[in-house]
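Read left to right, the sequence shown gives residues 17 to 519 (my numbering).
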Amino acid sequence: MNAAGFPILSLLTFLPLLGAAVIMLVRGDEQTLASNARWTALWTSLIVMVLSLILWFRFDVGTSAYQFEERASWFPEVGLDYHMGVDGISVLFVLLSTVLTPICIISSWEAVQSRVREYMVAFLLLETMMVGMFCAVDLVLFYVFFEGVLIPMFLIIGVWGGPRRVYAAFKLFLYTLLGSVLMLLAILALWYSAGTSDLVAVMQVQLPRFTQMWMFLAFFAAFAVKVPMWPVHTWLPDAHVEAPTAGSVILAGVLLKMGAYGFIRFSIPLFPEAAQYFAPWIFALSVIAVIYTSLVALAQDDMKKLIAYSSVAHMGIVTLGLFTFNQQGISGALLQMISHGVVSGALFLCVGVLYDRVHSREIARYGGVAKIMPGYALVFLLFTMGSVALPGTAGFPGEFLVLVGAWKSSPWVALGGATGMILGAGYMLWLYRRVVFSRITRDDLRALLDLSPREYAMFAPLILLTIWMGVYPSSFLQFFQASVGALIERHEAALALPRLAGM
C-alpha cells in the first residue's frame, strides 16, 4: 500500500475491468445494450482519468524513488510478488494512457455500430493492460501486462478492422509474441540469479558481462519489435491501415511507447555494460529508421500509411535519445514519447474524421477541404505543425533535446537524426497541402459537414496538450529530471566497476 493506505494504482489498473463486467452483465435489446455499453465505457474511462490526474497532482517530482507503492504476496513459493509503483519516468505514461482512452471511446461513438458491447469491453481491457504495464515494478508482472495488451488489440483489429484485418492482426500478434518469448527466458534467468523477480532487488545484482550481453539482446528482441525499430517495423503500417480509427490512436499513442519504455525501465539499468556496447548499433538502426521510413512516407498515397511510417521515424528519434546516456538525450526522448503519443493520436483522429464522411483514405480522393471544413482544417494544421516539430508545439522540445544529447555523443548521429525533421516537414506539409488546400476534386466533397460538437470535444484535450507542451515543456520535464538523473548516475557507476576491478 502507499503511505495513505489507498491503493490508487490498483484502482487505476483494474477499475476498467469492473466497467467491462458491468457492460457484459447488463441485459436488453441490441440498441439499448449498445447505448449502455458506450456510456458505461465512457464514464468508467473518465473516472480512471480523474484518478490519474490525482496521481499526477500528488506526485513528488523531487525524488527518484517509486511512489504510491503497493505490495502483496502473489506466488511466495517462487518469490513472485505483486509490486506496483510509479516514478518520474512512468507517471506521465499512465496519464497518457488514461487520457487517450476516453477520447478513443468518443471517437468510436458513431463509427462502430456492430458488436458495440464487445468493442467497448476490449477497449477497457486494453486500458487495464496499458496502465498495469506502466505501474508494474515486478518483472513477471510487467511481462503479464506487456503481453496482455496483445489480446484486446488483436481483437480490435481482427474484428472491427478493414478488409485485410485478419492478416494485419495475426502479423501484429506473431511479430510481437515471438520477440517476447526471448525476453521471458531472460526474465526467468534473472529470477534464478536474484531469487526474486522484483525489479528493485534484481537491480542490485551485478551480472557478468557475457550474461548482460545475451540478456540485453533477449530484451531487445521484444522491445525493438514494439517500438518498432527498423527492420522489424513492417507489421506497423498494416496494423494501422486495417485498424479502426480508435485502434490506430491507441496503437500510435501508447503501444509504440511500450518498447521504448522497456528500454529505459529494464534494458539500460539492468544491463549497463551491454547497453553501452550496443549503443552505436542502436544509433545506426535509429538513423536508418529516421531516414528510410521518412522517404517511404513521401511515397505513400494512403493517409494512414503515411502517418504510420512517420511514427517509425519519430520513434527512431526516441531510441536515438535513450542511448545517449545523458540528461538532455534521455529527457528529450521521454518528452518526445509523450508528445508523439498526443500528436500522432490526433493525426489518426483527423484521418478518421474524413474517413467517417467519405470512406476513403486515399490522398488523391481529397482536396479543398479548407473551403468546406474550415474548423477541421485549422485543427489538422495544428497537429501537422506538431508533427514537423514547429517551435511552440509539442513536437519541438523533445526533438531539440534529443539532438542536443546526440550531439554530445556524436555530431554525425545528431546530423542523421536532424535529417528526419527536414524530411518530416516535407511529407507532412505535402499531405496537408494536398488534402486541405488543393482544389475540390469531387462534387460529393462539397456536402461535407465541419466538425461536430462531439468531435470538437474529442480534439479539445489534445489541442490543449499540444500547445501546453510546446510553450511550457518544463512542466513535463520536471517529472523526468530526478529519475533520469538517478538512472545516469547508476549507469556511470556500473560502468566504472569493471575499470576499478581491473586496476
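No residue lacks a Cβ here, since even glycine has one placed at the ideal position from N, Cα and C.
Residue i, DSSP secondary structure in three states
i: Arg506; result: helix
i: Glu126; result: coil
i: Asp154; result: strand
i: Asp372; result: helix
i: Phe91; result: strand
i: Ser310; result: helix
i: Leu447; result: helix
i: His330; result: helix
i: Ala255; result: helix
i: Arg455; result: coil
i: Thr335; result: helix
i: Phe279; result: helix
i: Phe492; result: helix
i: Arg131; result: coil
i: Trp246; result: coil
i: Arg74; result: helix
i: Val66; result: helix
i: Ala81; result: coil
i: Phe22; result: coil
Cβ-based burial, residue i [other Cβ within 10 Å; buried from 16]
i: Gly35; result: buried
i: Pro260; result: buried
i: Gln222; result: exposed
i: Arg449; result: exposed
i: Pro168; result: buried
i: Pro534; result: Since the displayed the chain opens at 17 and closes at 519, residue 534 lies outside it and no answer follows.
i: Asp103; result: buried
i: Gly246; result: Before going further, note that residue 246 is Trp rather than Gly in the sequence given. By the neighbour-count rule (16 or more Cβ atoms within 10 Å), Trp246 is buried.
i: Glu143; result: buried
i: Tyr135; result: buried
i: Tyr208; result: exposed
i: Phe226; result: exposed
i: Val165; result: buried
i: Leu141; result: buried
i: Leu398; result: buried
Contacts around residue i, its chain only, beta-carbon distance under 7 angstroms, and the 5 residues preceding and following it disregarded
i: Leu108; result: Ile354, Phe492 and Phe495
i: Ile456; result: Gly383, Gly384, Lys387 and Arg462
i: Trp423; result: Ala430
i: Leu67; result: Ile24, Leu27 and Leu28
i: Phe453; result: Ala386
i: Ala410; result: Ser355, Val358, Val359, Gly402, Leu481, Thr482, Met485 and Gly486
i: Asp76; result: Gln83
Residue(s) in a DSSP beta bridge with residue i
i: Glu86; result: Met100
i: Asp318; result: Glu378
i: Asp214; result: Asp154
Euclidean distance between Cα positions of residue i and residue j
i: Gly278; j: Val160; result: 14 angstroms
i: Gly433; j: Leu406; result: 16 angstroms
i: Leu365; j: Ala127; result: 12 angstroms
i: Val270; j: Gln343; result: 23 angstroms
i: Arg470; j: Glu85; result: 37 angstroms
i: Ser490; j: Val110; result: 19 angstroms
i: His249; j: Val306; result: 12 angstroms
i: Ala37; j: Ala50; result: 14 angstroms
i: Leu215; j: Leu206; result: 10 angstroms
i: Phe339; j: Leu447; result: 32 angstroms
i: Arg133; j: Trp125; result: 12 angstroms
i: Gly501; j: Met231; result: 24 angstroms
i: Ile63; j: Leu33; result: 13 angstroms
i: Val367; j: Gly78; result: 40 angstroms
i: Met65; j: Tyr443; result: 34 angstroms
i: Gln316; j: Gln83; result: 45 angstroms
i: Ser264; j: Cys151; result: 23 angstroms
i: Ala291; j: Met389; result: 49 angstroms
i: Phe189; j: Leu272; result: 14 angstroms
i: Ser113; j: Leu301; result: 28 angstroms
i: Gly212; j: Gly361; result: The amino acid at residue 212 is misidentified as Gly; the sequence shows Thr. If you take the alpha carbons of Thr212 and Gly361, they lie about 38 angstroms apart.
i: Arg506; j: Gly275; result: 21 angstroms
i: Val395; j: Ala53; result: 29 angstroms
i: Leu58; j: Val42; result: 16 angstroms
i: Ala234; j: Glu46; result: 47 angstroms
Neighbourhood of residue i by C-beta, 8 angstroms cutoff - its chain only, sequence neighbours within 5 removed
i: Ser426; result: Phe299
i: Ser130; result: Trp176
i: Leu351; result: Pro413, Gly414, Leu417, Met485, Pro489, Phe492, Leu493 and Phe496
6 angstroms Cβ shell around residue i - same chain, five flanking residues per side excluded
i: Ala510; result: Pro288
i: Ala324; result: Leu252, Pro253 and His256
i: Arg180; result: Glu258
i: Arg373; result: Leu464
i: Ala349; result: Val334, Gly337, Leu338 and Val418
i: Ala185; result: Phe170, Ile173 and Gly174
Residue i CB to nearest heavy atom of the ligand FMN below 7 angstroms
i: Ala240; result: Absence of the ligand FMN from the depicted structure is noted, as is the absence of any ligand whatsoever, leaving it without description.
CB contact check: residue i to chain B, cutoff 8 angstroms
i: Asp254; result: This model lacks chain B altogether; it includes just one protein chain.
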